[in-house]
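Chemist: Once you've had a glance at the structure underneath, I'll fire off some questions.
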Amino acid sequence: MASEEKKIRITNMVNQWNQIRWNNKKALRLLSSGSYFPISSSEVKMWANAPIKPKNIHSYIGVENQKLYFILIDSETDRKPLSELESFELDKIIIREFDNNLDIFTPNFIDKTIDGNITVKEALSRNLFWQLMKGSWVKDQIESVRDMQVGIARVFSTPFSDLENILHHDENADILAVMGLKHQDESETKNEDDIVYKKSPYQLDLCFWGLNTRTSDLRLALAHNESPVEDLTQICPPYLGNSDSFSIIFPEKSLETSNIQ
């Protein structure tokens, strides 16, 4: 895909989600259309071998032709506005459709997975909470914070070390990013713009599972032996983060960062 076409495509995708994320029915339909997206070991190695290893991987939510997608970009590349990226930088941006043809609750998947920075039990619980509560969660998330201009998240920020840790156990492992709801304390807090809002007891989340993809049918794929579950993901909004620049949705902040460096 030509560079300018890819820039336009990404911009349109994230803008479509930004509009839909305030619509209860449309947002729920799209978020219910899948449960995970894949990341290959070769893609993790590509990020690891960059001149400057990224601190985080940003997974933007996008919509195209009424389908949900995730747009993955490393935090170093995401420091620059999308409009200023060169062809080789755009080549590192990965677009994945939100898929639904894998059941992580099958014994073959669970039995060969081990605890990482969260337990397998906790990872399964987060996915189960999502399956059971997504309807009420989406409705509450939109209605309770509309006045605060927070809404459903636009991007996930995941420590790159989460992905590296999975490959440390098996350098050829591929990875599934699985949607979930993470329980958190209910309290009032402020984001970077000092907007006060009341936290939901659950936060949208991604858990990362190591996967053996020697079979082409993901429904038959097994988690790697001793492959950990990793998750230190944050979402934006409401959390913008002090060290990351999300240039695809906040180009003005990326320019501020560039001027400082």
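Taking this note's numbering, the leading residue of the sequence shown gets 6, the next gets one more, and so forth.
We put the CB at the ideal spot given by N, CA and C, even for glycine.
All of these numbers come straight from a predicted model, not from anything done at the bench.
Check the DSSP bridge columns for residue 101 and list the partner residues they point to.
Modeler: DSSP, once it has assigned bridges, lists 75 as partnering residue 101.
Chemist: When the Cα atoms are used, what is the spatial distance from residue 254 to residue 143?
Modeler: 21 Å
Chemist: State the Cα-Cα distance for the pair residue 158 and residue 21, rounded to the nearest angstrom.
Modeler: 13 Å
Chemist: Helix, strand or coil, according to DSSP, for residue 136 in the structure here?
Modeler: helix
Chemist: Would the beta-carbon of residue 103 fall within 9 Å of that of residue 207?
Modeler: no
Chemist: Between which two residues does the alpha helix (DSSP H) holding residue 95 run?
Modeler: 92-95
Chemist: With DSSP run on the structure shown, which of helix, strand or coil describes residue 22?
Modeler: Residue 22: helix per DSSP, three-state reduction.
Chemist: Considering only the beta carbon of each residue, do residue 55 and residue 79 sit closer than 9 Å?
Modeler: Yes, these two residues count as a Cβ contact at 9 Å.
Chemist: Determine the DSSP secondary structure at residue 12, reduced to helix, strand or coil.
Modeler: Here residue 12 sits in helix by DSSP.
Chemist: Given a threshold of 16 other Cβ atoms within 10 Å of its Cβ, counted over all protein chains shown, does residue 173 qualify as buried or as exposed?
Modeler: exposed
Chemist: Please determine, among 176, 166, 99 and 75, the residue with the shortest C-alpha to C-alpha distance to residue 183.
Modeler: 75
Chemist: Leaving out five residues on either side along the sequence, give the residues of the same chain with a beta carbon under 8 Å from the beta carbon of residue 19.
Modeler: Closer than 8 Å at the Cβ level, and outside the excluded window around residue 19, lie 65, 66, 67, 76, 159, 253 and 254.
Chemist: Alpha carbons only, please: which of 9, 26 and 94 is nearest the one belonging to residue 148?
Modeler: 26
Chemist: With the cut-off set at 9 Å, would you say residue 213 and residue 181 are in Cβ contact?
Modeler: yes
Chemist: Taking the C-alpha atoms as reference points, what is the distance between residue 9 and residue 101?
Modeler: The alpha-carbon atoms of residue 9 and residue 101 are separated by roughly 19 Å.
Chemist: At the level of alpha carbons, what is the spacing between residue 141 and residue 60?
Modeler: 34 Å
Chemist: I'd like to check one pair, residue 215 with residue 179: are the Cβ atoms closer than 9 Å?
Modeler: Yes. Within cutoff.
Chemist: According to DSSP, residue 208 sits in a beta bridge with which residue or residues?
Modeler: Answer is 187, bridged to residue 208.
Chemist: For the beta strand (DSSP E) holding residue 69, just list the boundary residues, first then last.
Modeler: 61-69
Chemist: The beta strand (DSSP E) that contains residue 45, what's its start and end?
Modeler: Here residue 45 belongs to no beta strand (DSSP E), and DSSP marks it neither H nor E.
Chemist: Select from 29, 48 and 90 the residue whose C-alpha is nearest the C-alpha of residue 62.
Modeler: 48
Chemist: What is the C-beta distance between residue 169 and residue 53, in whole angstroms, given that I count them as a contact (C-beta under 8 Å)?
Modeler: 7 Å
Chemist: Reducing DSSP to helix, strand and coil, say where residue 214 ends up.
Modeler: strand
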